[in-house]
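There are 2 protein chains.
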Amino acid sequence: MSTYDAIDVHTHVVPRDFPPYRGLRAGVRWPSMVEGQPCHRHVMLDGAVYRTVSHQCWDTEVRSADMERMGLGMQVLSPMPELLSYWLEGDDGQALARYINESIATLVQAAPRRFAGLGTVPLQDVECAIEELDILLHQFGLAGVELGSNVQGVPIGDARFLPFFQAAERWGAAVFVHALRPCGMERLVGPPVLEQALAFPGEVGLAAASMITGGTLAACPDLRIAFSHGGGTLGLLVPRLRHAWKSFPMLTQAIALDPLDAVRRMYYDTLVYDEATLGYLLATFGAERLLLGSDYPFAIMDADPVARLTALPEPVREAVRHHNARRWLYGTSMPAAATHSLQNPQDGDAP
Amino acid sequence: MSTYDAIDVHTHVVPRDFPPYRGLRAGVRWPSMVEGQPCHRHVMLDGAVYRTVSHQCWDTEVRSADMERMGLGMQVLSPMPELLSYWLEGDDGQALARYINESIATLVQAAPRRFAGLGTVPLQDVECAIEELDILLHQFGLAGVELGSNVQGVPIGDARFLPFFQAAERWGAAVFVHALRPCGMERLVGPPVLEQALAFPGEVGLAAASMITGGTLAACPDLRIAFSHGGGTLGLLVPRLRHAWKSFPMLTQAIALDPLDAVRRMYYDTLVYDEATLGYLLATFGAERLLLGSDYPFAIMDADPVARLTALPEPVREAVRHHNARRWLYGTSMPAAATHSLQNPQDGDAP
Numbered sequence: 072m073s074t075y076d077a078i079d080v081h082t083h084v085v086p087r088d089f090p091p092y093r094g095l096r097a098g099v100r101w102p103s104m105v106e107g108q109p110c111h112r113h114v115m116l117d118g119a120v121y122r123t124v125s126h127q128c129w130d131t132e133v134r135s136a137d138m139e140r141m142g143l144g145m146q147v148l149s150p151m152p153e154l155l156s157y158w159l160e161g162d163d164g165q166a167l168a169r170y171i172n173e174s175i176a177t178l179v180q181a182a183p184r185r186f187a188g189l190g191t192v193p194l195q196d197v198e199c200a201i202e203e204l205d206i207l208l209h210q211f212g213l214a215g216v217e218l219g220s221n222v223q224g225v226p227i228g229d230a231r232f233l234p235f236f237q238a239a240e241r242w243g244a245a246v247f248v249h250a251l252r253p254c255g256m257e258r259l260v261g262p263p264v265l266e267q268a269l270a271f272p273g274e275v276g277l278a279a280a281s282m283i284t285g286g287t288l289a290a291c292p293d294l295r296i297a298f299s300h301g302g303g304t305l306g307l308l309v310p311r312l313r314h315a316w317k318s319f320p321m322l323t324q325a326i327a328l329d330p331l332d333a334v335r336r337m338y339y340d341t342l343v344y345d346e347a348t349l350g351y352l353l354a355t356f357g358a359e360r361l362l363l364g365s366d367y368p369f370a371i372m373d374a375d376p377v378a379r380l381t382a383l384p385e386p387v388r389e390a391v392r393h394h395n396a397r398r399w400l401y402g403t404s405m406p407a408a409a410t411h412s413l414q415n416p417q418d419g420d421a422p
Numbered sequence: 072m073s074t075y076d077a078i079d080v081h082t083h084v085v086p087r088d089f090p091p092y093r094g095l096r097a098g099v100r101w102p103s104m105v106e107g108q109p110c111h112r113h114v115m116l117d118g119a120v121y122r123t124v125s126h127q128c129w130d131t132e133v134r135s136a137d138m139e140r141m142g143l144g145m146q147v148l149s150p151m152p153e154l155l156s157y158w159l160e161g162d163d164g165q166a167l168a169r170y171i172n173e174s175i176a177t178l179v180q181a182a183p184r185r186f187a188g189l190g191t192v193p194l195q196d197v198e199c200a201i202e203e204l205d206i207l208l209h210q211f212g213l214a215g216v217e218l219g220s221n222v223q224g225v226p227i228g229d230a231r232f233l234p235f236f237q238a239a240e241r242w243g244a245a246v247f248v249h250a251l252r253p254c255g256m257e258r259l260v261g262p263p264v265l266e267q268a269l270a271f272p273g274e275v276g277l278a279a280a281s282m283i284t285g286g287t288l289a290a291c292p293d294l295r296i297a298f299s300h301g302g303g304t305l306g307l308l309v310p311r312l313r314h315a316w317k318s319f320p321m322l323t324q325a326i327a328l329d330p331l332d333a334v335r336r337m338y339y340d341t342l343v344y345d346e347a348t349l350g351y352l353l354a355t356f357g358a359e360r361l362l363l364g365s366d367y368p369f370a371i372m373d374a375d376p377v378a379r380l381t382a383l384p385e386p387v388r389e390a391v392r393h394h395n396a397r398r399w400l401y402g403t404s405m406p407a408a409a410t411h412s413l414q415n416p417q418d419g420d421a422p
């Protein structure tokens, strides 16, 4: 077992293969895999390469070696966001989710002290999503779920998704919200990679804000929800939203929580690539709210996320390195050993 | 003359009246004014009240009294952004701009030590915009121009606007970019005022980024350009853009300037309603790049923008209070008296 205690909450997986589509519809946008260069495979969508991914995406031994190099004790595995596939009909979406969730559970079971798993649900159909959440938590033993920041353009704070978040709260699921199909694309001038570089943060920031302004967060006080990319632009939206909330009776009435208290009920990863920015997020969100995150194994990842914490005072550093992640994942920040013996009494990791 | 030296760069004006439309088209969306409650008038667009505004918008005596209360020596006047009216055809747009520019010049001439003016240009037609910029600078004596963050959906960093920015650079015009018709509206959940509270910052951030990623800033090294709302979300976009710029050869080739150096060539107002956020902007953009701004006289304004600076060390406080604004407006940060005697040798303000 790793001697490191750091938990990386933002790492992605892709199954090595996908099953063929077995539904009844024609022309369904269903992913497949084809062999690529050595150690790589192509995720195909619509008959074209969506992205070429390496064996880091499905091989736990490769990941474990990388984790040792990065000083990480645990990775939280979540699907490559495009796989969330919210464009599918509910039943097709649930079939794909089931396959992905089972794949992730298999990775976790191979080394349950090294990996925790977040599955996916077809949030485009809230009933199916709740059913699948039940299965991924209670049959597959996953810690929670990754959600896109919007579902076919509808932000996650929309009231239609409230029953899903109530189920996640009731069952103690950890929720990780990742940027997906971001807004603001029409404002970018330059190469396609600006989607990730510039549009993702705004998308995440507005998704997080929608949980406050739409009332979901107030309705689910025990929901454990985290946002990718340091919450995106949320840190700079908070003071303005708060000023508006104090200034406009329409907002004061519509939003039950002081926006600053509200953002301090949620979690954010540390994926901001800059120590001063991390300091600003700590001051805004609080030391209990940040979770180490790297975006492993994708090209934009932070190669040394643990080193970003070096300048923090030790109690904060330790909280961000693992205590906060454990509280977000399991609802308790007990030491790793105790938590693991509770969660995985038969835990069979090699030492 | 005021005993205060503080310059508020973010204040809006609306003319007391608009002329009737005199062009040749039918069904043109042209603003008009009707009498409202005492001291208020309604700006009408499409036969409905667009916004009810107070006499603070056009009455320099009312403004002067407010400035004394707020501890301000000078306001930079710019049009209420919706008046930029980029939906008009170029000639109609230029006719409306001419009227607004003349109105602002009249306000400035009434008290040229208390007010500087930014006009408007029909940027939807770059040739007309350059012609109007020439007139507003060289006939009306305005200090520069206010631009929307996008022109009918096209971000200001698009190459089509480069000739305009080259003219602004050549003529030493101060440029103030204000959020307008923001992106991300489809991600808001809640009352309409969230447009201002949550969508404006992202819109400004992406507009500022487009000046870097589109190459305009590199092509115009002497351009003096400022952004409203503290640059919106730009402060949180910079570290991620910079990481991507270092990581992806496609971006390194496309963007000539290190994004951190680039943002430190532009200016930002202080309209963030929070001292810690102001500190983050100072650390990111530099002490020479922030300009006091209040959004006077609109409802979301910061009522005491000078007080926000209290915690800053004196040299920084003084720079943000007036030196930076003078450098942005006039290309020099000479003391006010010297600048004024240069700019307005016949300055006839009452003491």
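Protein chains in written order, with my numbering: chain A, 72 to 422; chain B, 72 to 422. Beta carbons are placed, not taken as given, at the ideal position from N, Cα and C, and that holds for glycine. Here the structure is a predicted model, which means the values were calculated and not measured.
Candidates the options, of which the one nearest residue i by Cα
i                : options                                : result
Ala289 (chain A) : A:Ala390, A:Val334, A:Val179, A:Glu359 : A:Val334
His229 (chain B) : B:Leu208, B:Gly286, B:Val264           : In the sequence on display, residue 229 (chain B) carries Asp and not His. When each option's Cα is compared against that of Asp229 (chain B), the closest is B:Gly286.
Val248 (chain A) : A:Pro384, A:Gly94, A:Trp399            : A:Trp399
Leu322 (chain B) : B:Thr284, B:Tyr92, B:Pro150            : B:Thr284
Pro150 (chain B) : B:Phe211, B:Gln324, B:Leu218           : B:Leu218
Leu361 (chain A) : A:Arg122, A:Thr74, A:Asp79             : A:Asp79
Val133 (chain B) : B:Asp375, B:Asp345, B:Gln146, B:Gly94  : B:Gln146
Arg140 (chain B) : B:Val114, B:Ala77, B:His111, B:Leu308  : B:Ala77
Ala281 (chain B) : B:Ile227, B:Gly107, B:Arg169           : Sequence inspection shows Ser at residue 281 (chain B); the Ala mentioned does not correspond to that position. For the residues B:Ile227, B:Gly107, B:Arg169, the minimum Cα distance to Ser281 (chain B) belongs to B:Ile227.
Neighbour flag for residue i against chain B, beta carbons, 9 Å
i                : result
His314 (chain A) : yes
Ala370 (chain A) : yes
Cys254 (chain A) : yes
Thr348 (chain A) : yes
Gly190 (chain A) : no
Pro234 (chain A) : no
Thr82 (chain A)  : no
Gly301 (chain A) : yes
Ile326 (chain A) : yes
Met115 (chain A) : no
Ala354 (chain A) : yes
Asp332 (chain A) : no
Pro384 (chain A) : no
Tyr344 (chain A) : yes
Tyr121 (chain A) : no
Pro251 (chain A) : One point to set straight first is that residue 251 (chain A) is Leu, not Pro, in the sequence displayed. So no, Leu251 (chain A) is outside the interface.
Cβ-Cβ distance between residue i and residue j below 9 Å
i                : j                : result
Leu148 (chain B) : Thr191 (chain B) : no
Ala268 (chain B) : Gly303 (chain B) : no
Leu363 (chain B) : Leu383 (chain B) : no
Asp340 (chain B) : Ala297 (chain B) : yes
Phe319 (chain A) : Ala119 (chain B) : no
Leu207 (chain B) : Val216 (chain B) : yes
Asp373 (chain B) : Leu342 (chain B) : yes
Gly255 (chain A) : Leu189 (chain B) : no
Ser156 (chain B) : Pro193 (chain B) : yes
Min CB distance residue i to chain A below 9 Å
i                : result
Glu359 (chain B) : no
Ala409 (chain B) : Residue confidence is low: Ala409 (chain B) scores 39 on pLDDT, short of 50, so the model does not pin down where it sits. No coordinate-derived value is stated.
Thr341 (chain B) : no
Ser149 (chain B) : no
Thr131 (chain B) : no
Val319 (chain B) : The displayed chain sequence assigns Phe, not Val, to residue 319 (chain B). Closer than 9 Å to some Cβ of chain A, the Cβ of Phe319 (chain B) qualifies, so yes.
Thr304 (chain B) : yes
Tyr401 (chain B) : no
Tyr338 (chain B) : no
Asp329 (chain B) : no
Asn415 (chain B) : Note that Asn415 (chain B) scores 40 on pLDDT, short of 50, meaning its location in the model is unreliable; the coordinates nonetheless yield the value given after this. Not closer than 9 Å to any Cβ of chain A, the Cβ of Asn415 (chain B) fails to qualify, so no.
Nearest-angstrom beta carbon gap, residue j and residue i [assumed within contact, 8 Å]
i                : j                : result
Tyr351 (chain B) : Asn395 (chain B) : Wrong, their Cβ atoms sit about 17 Å apart, outside the cutoff.
Gly224 (chain B) : Glu203 (chain A) : Not confirmed; about 38 Å, so no contact.
Arg231 (chain B) : Asp163 (chain B) : So it is not a contact: roughly 19 Å between Cβ atoms.
Tyr75 (chain A)  : Leu143 (chain A) : 6 Å
Residues in the segment 256-271 of chain B having any Cβ partner in chain A nearer than 9 Å: Met256, Glu257, Arg258, Leu259, Val260, Gly261, Pro262, Pro263, Val264, Leu265, Gln267, Ala268, Leu269, Ala270, Phe271
For the segment 273-294 of chain B, which residues have a CB atom closer than 8 Å to at least one CB atom of chain A, in sequence order? Gly273, Glu274, Gly276, Leu277, Ala278, Ala280, Ser281, Thr284, Gly285
Taking only beta carbons into account, state which residues of the segment 204-230 of chain A come closer than 7 Å to chain B, listed in chain order. Asn221, Gly224, Pro226, Gly228, Asp229
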